[in-house]
């Protein structure tokens with residue numbers, strides 16, 4: 023999949039510096055579709071997590087990517103529903119450690135979306 027080629031380097035390590043670029047390249051219409059519904063957002067994350075797991079990413083690597091994505095969304099996207107608003111508010115008041123824990127929880131939440 024094209025997204026993993028941009029974020030995961032040839033050694034299978036996640037390049038967190040490329041996460042923002044990958045998000046910014048996403049088609050605006052598709053981004054709106056994903057973020058419009060919280061269920062769609064969880065489903066999208068679930069699929070991306072499954073891809074990450076299939077190429078050998080562990081829970082910590084997945085959480086680091088989720089933390090980077092959540093930070094990007096909190097800084098650059100307006101919440102489109104109540105759930106996203108709550109997540110954004112929690113993100114903004116949390117310390118970096120708390121944000122990392124929240125990222126782990128987001129990964130678990132998305133994994134449970136099956």
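In the working numbering, the protein residues as written are 23 to 136. All C-beta atoms, glycine included, are put in the ideal place defined by N, C-alpha and C.
Is residue i close to chain B? Criterion is C-beta to C-beta, closer than 8 angstroms.
i: residue 89; result: Protein chains in the displayed structure number just one, and chain B is not present.
Can you tell me the Cβ-Cβ gap for residue i and residue j, rounded? I've got them flagged as a contact below 8 angstroms.
i: residue 38; j: residue 90; result: 5 angstroms
i: residue 88; j: residue 129; result: 5 angstroms
Can you tell which of the options has its C-alpha closest to the C-alpha of residue i?
i: residue 118; options: 92, 133, 106; result: 92
i: residue 127; options: 99, 98, 82, 104; result: 82
i: residue 78; options: 134, 53, 35; result: 35
i: residue 62; options: 105, 116, 110; result: 105
i: residue 107; options: 86, 60, 50, 80; result: 60
Out of curiosity, what's the CA-to-CA distance linking residue i and residue j?
i: residue 40; j: residue 56; result: 20 angstroms
i: residue 101; j: residue 84; result: 22 angstroms
i: residue 42; j: residue 94; result: 7 angstroms
i: residue 134; j: residue 112; result: 21 angstroms
i: residue 65; j: residue 132; result: 7 angstroms
i: residue 99; j: residue 120; result: 20 angstroms
i: residue 122; j: residue 116; result: 9 angstroms
i: residue 72; j: residue 86; result: 15 angstroms
i: residue 110; j: residue 74; result: 24 angstroms
i: residue 76; j: residue 67; result: 14 angstroms
i: residue 58; j: residue 80; result: 28 angstroms
i: residue 50; j: residue 44; result: 12 angstroms
Quick one: what's residue i bridged to in DSSP?
i: residue 108; result: Answer is none; residue 108 lacks a bridge partner.
i: residue 36; result: 30
Compare the beta carbon distance of residue i and residue j with 8 angstroms and say whether it is the shorter of the two.
i: residue 96; j: residue 69; result: no
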